[in-house]
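Trainee: Got a structure here, written out as structure tokens. Questions coming.
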Amino acid sequence: MLNLITEERKLLGQCWSAFSQGDHEEAVRLLRLLDPKVLHRDHEPNLLYHSISNGWLDVTRELITKYHFDPHIYGEPYLYTAASGNNLDIVEYLIKECGCDPMMCTYGYAPVLHYVASKGLLDVLKCMVMNINGHIMDEQYRDTNGRTVLHCAVKHIKVIKYLIKKCNCDIMTPDDNGNTILHDAASEGSLDVMKYLINTHHYNLMTTNNS
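Oh and the sequence shown: position 197 is 196 in numbering that gives the first Met the number 0, straight run, nothing missing.
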């Protein structure tokens, strides 16, 4: 019995190492040698985190469906991990098949959707929009300060153009402080965004905020 426990612990250690080192072939081999109950008890959430970080959709799906790892534990950090790593297929899987919420706040208190926009991750944003109601961005998807996804994208002109053209985001929508996207662009020194709003969308320069 003691030998069995020792061997099991050895396998667990090897499996964890394979995941953390990004060795897909070895990770898959070792994973299938382990008892799902023991694996779930001793190594959630680390294995799921490493699987997503490595971009392993097949292993991620297996951990969730076969080994019953919870993709919602501690909020939605796994969706954040997939998004920040630009792993589109895993982002889509977590939202569409696992029901992960892109409006769940991350450790930095920003919803995943807003984080993606703020980092200029356009492909990830498009993936999320395809799997949520992306046509009511201004009305529904706001952070705790009333900032829309458009506000958060202020440093990234390509994201701004996508949100306005494809998601019908309103450039005049204010946050809770009365700031529109132009106010934020001016504060951040985003000249390309300011020029785009003024020249292409004829933004009214007389619009003021609450301050």
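Virtual Cβ for every residue (Gly too), placed ideally from N, Cα, C.
Nothing here was measured: the structure is a model prediction, and the numbers come from that model.
Compare the C-alpha of H200 against each of P101, I170, E91 and name the closest.
Mentor: I170
Trainee: By Cβ distance below 8 Å, which residues in the same chain neighbour D191 in space, the five residues on each side in sequence not counted?
Mentor: Here the set comprises I156.
Trainee: Would you mind stating whether V153 and Y140 have Cβ atoms separated by less than 8 Å?
Mentor: no
Trainee: Suppose contacts are defined by Cβ-Cβ distances below 8 Å. Is G54 in contact with I94 by that definition?
Mentor: no
Trainee: Whole angstroms is fine: what's the gap from K125's alpha carbon to T59's?
Mentor: 22 Å
Trainee: Which residue comes first and which comes last in the alpha helix (DSSP H) that contains K118?
Mentor: Taken as a continuous stretch (DSSP letters only), K118 belongs to no alpha helix (DSSP H), as it is neither H nor E.
Trainee: For Y114 versus Y77, is the C-beta distance shorter than 8 Å?
Mentor: no
Trainee: For D22, tell me which candidate among S50, C168, K9 has the shortest Cα-Cα distance.
Mentor: S50
Trainee: For T147, which three-state DSSP category applies?
Mentor: Looking at T147 - three-state DSSP - the assignment turns out to be strand.
Trainee: Do F18 and L46 come within 8 Å of each other at the CB atom, strictly closer than that value?
Mentor: With respect to the 8 Å criterion, L46 and F18 are classified as neighbours on the basis of their beta carbons.
Trainee: How big is the Cα-Cα spacing for D34 and I131?
Mentor: 36 Å
Trainee: Residues in its own chain within less than 8 Å of E187 by CB, not counting five upstream and five downstream?
Mentor: V153, K154
Trainee: I'd like the list of long-range same chain contacts for I159, defined as Cβ closer than 6 Å, with 5 residues on each side in sequence excluded.
Mentor: A152, V192
Trainee: Roughly how many angstroms lie between the CA atoms of T143 and E24, to the nearest whole one?
Mentor: 43 Å
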